[in-house]
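**Q** Protein chains in written order, with numbering that gives the first Met the number 0: chain A, 0 to 139; chain B, 0 to 139. For glycine and all other residues, C-beta sits at the position ideal for the given N, C-alpha and C. Sharing a structure with you now.
2 protein chains.
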Amino acid sequence: MSERNALDTLKHYGIHPSVQRIAIMDYLLKHYTHPTVDEVYVSLCKDIPTLSKTTVYNTLRLFSEHGAAQMLTIDEKKICFDGNVTPHAHFMCRRCGKLLDVDLPEGAVDYLPESKEFRVEETHVYYKGICKSCAEKTDA
Amino acid sequence: MSERNALDTLKHYGIHPSVQRIAIMDYLLKHYTHPTVDEVYVSLCKDIPTLSKTTVYNTLRLFSEHGAAQMLTIDEKKICFDGNVTPHAHFMCRRCGKLLDVDLPEGAVDYLPESKEFRVEETHVYYKGICKSCAEKTDA
DNA sequence: TATTTGCATTGTAAACAATACAAATTTATA
DNA sequence: TATAAATTTGTATTGTTTACAATGCAAATA
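Right under this line is the structure:
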């Protein structure tokens, strides 16, 4: 079922399927939690004990190059990946590092900067600040 | 002159001045080139031979925490810093990594997402794609 | 059915950025 | 001037990411 979805997604983005690629895509589609390479690796090792971390690195990079996933570099400490490639923004808490999905402002979806200097392929919007639970800790 | 500007900028953001902090801020204000820690370090070593790279790390982090500089995590390979803290977006070329300043779309400056879950302190907008010169290389 | 071909995967080694930490230095304050 | 506080320095260390060469695998061809 969601195996099927993973396979279809790979095909849709012109990515040759393999056991590892399907498993990684399946994980991304089931976990919209912005996982890191390590989180994906640790989780899939149970099912694919021979999995190499290098493969996870290569595969997630491949996905993002093909537009099948988004690479999030919001947190300077770690790179995260997002299987949700529909237009949306993110919020990261400065204190705890929590990463939340945020709706894009009206009209922002369609806007692209015009320039002869470059051709845009990806748009990223994110916010940094303090999340509710961290703010409450400070106030108390 | 621009020493003066650096000092004033530090004071304005409530940052205690020091020889190193003034020099680093001065560099940021004179080079809107999105330099990395290393670029700042190498350049300032000529004038301050005892400068430590750790100081550059600490100082640039301090600046960005106080809003006196922006930390750019667009390129997953390196963190860049921007002394221009007025609202603007960026473009990064996927091929060559070049980083350009881009005007923000109309109205975007004032927009902030509303949520009870967090309080926004920084907004980041950036685009990824292919720059003109890289596109020409491929076409040829 | 064998052989070839080429891409994918694996695992180790290495590069590198970033941090931790403690000693040294500088600056501020009594 | 003495004392305390803040800043800087430099080394050691951590941990993520990449490079690379060997291996595996599966489709295509003979």
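Would you check if the distance between the CB atom of Leu43 (chain B) and the CB atom of Ile23 (chain B) is smaller than 8 Å?
**A** yes
**Q** Note down, in chain order, every chain B residue with its Cβ under 7 Å from the Cβ of Met70 (chain A).
**A** In chain order: Glu75.
**Q** When you check each C-beta in the segment 113-125 of chain A against every C-beta of chain B, which residues fall closer than 7 Å?
**A** Lys115, Glu116, Phe117, Arg118, Val119, Glu120, Glu121, Thr122, His123, Val124, Tyr125
**Q** When DSSP labels each residue in this structure, what does His30 (chain B) get in the three-state scheme?
**A** coil
**Q** Can you find a C-beta in chain B that's less than 8 Å from the C-beta of Asp102 (chain A)?
**A** yes
**Q** Can you pull the chain A residues whose beta carbon is under 8 Å from the beta carbon of Gly128 (chain B), in chain order?
**A** Phe117, Arg118, Val119, Glu120, Glu121
**Q** With 9 Å as the C-beta to C-beta threshold (strictly closer), list the residues of the segment 32-48 of chain B near chain A in chain order.
**A** none
**Q** My assumption, with CB atoms under 8 Å, is that Thr35 (chain A) sits in contact with Cys92 (chain A). Please give the rounded CB distance.
**A** Not confirmed; about 16 Å, so no contact.
**Q** Can you tell which of A:Lys97, A:Glu135, A:Ala88, A:Lys115 has the C-alpha that lies nearest to the C-alpha of Pro112 (chain B)?
**A** A:Ala88
**Q** Would you tell me roughly how many angstroms separate the C-alpha atoms of Val101 (chain B) and Thr49 (chain A), rounded to the nearest one?
**A** Straight-line Cα distance between these residues: approximately 45 Å.
**Q** Which class does Tyr40 (chain A) belong to by DSSP, given the choice of helix, strand or coil?
**A** helix
**Q** In the structure shown, what three-state DSSP assignment does Thr72 (chain A) receive?
**A** Note: Thr72 (chain A) maps to coil in three-state DSSP.
**Q** For the candidate residues B:Lys77, B:Gly66, B:Tyr40, B:Ile129, whose alpha-carbon lies nearest to that of Gly128 (chain A)?
**A** For Gly128 (chain A), the nearest C-alpha among the options comes from B:Gly66.
**Q** Terminal residues of the continuous beta strand (DSSP E) containing Lys127 (chain A)?
**A** 117-130
**Q** Taking DSSP as the reference, what is the three-state secondary structure of Leu111 (chain B)?
**A** The three-state reading of DSSP puts Leu111 (chain B) in coil, since its state is none of H, G, I, E or B.
**Q** Tell me whether Leu6 (chain A) sits in a helix, a strand or coil according to DSSP, three-state version.
**A** Residue state, collapsed to three classes: helix.
**Q** May I ask which residues mark the beginning and end of the alpha helix (DSSP H) holding His65 (chain B)?
**A** 52-65
**Q** Cα separation between Leu71 (chain B) and Asp81 (chain B)?
**A** 7 Å
**Q** Once you ignore the five residues that flank Thr58 (chain A) on each side, which residues in its own chain have a CB closer than 8 Å to its CB?
**A** Gln19, Arg20, Ile23
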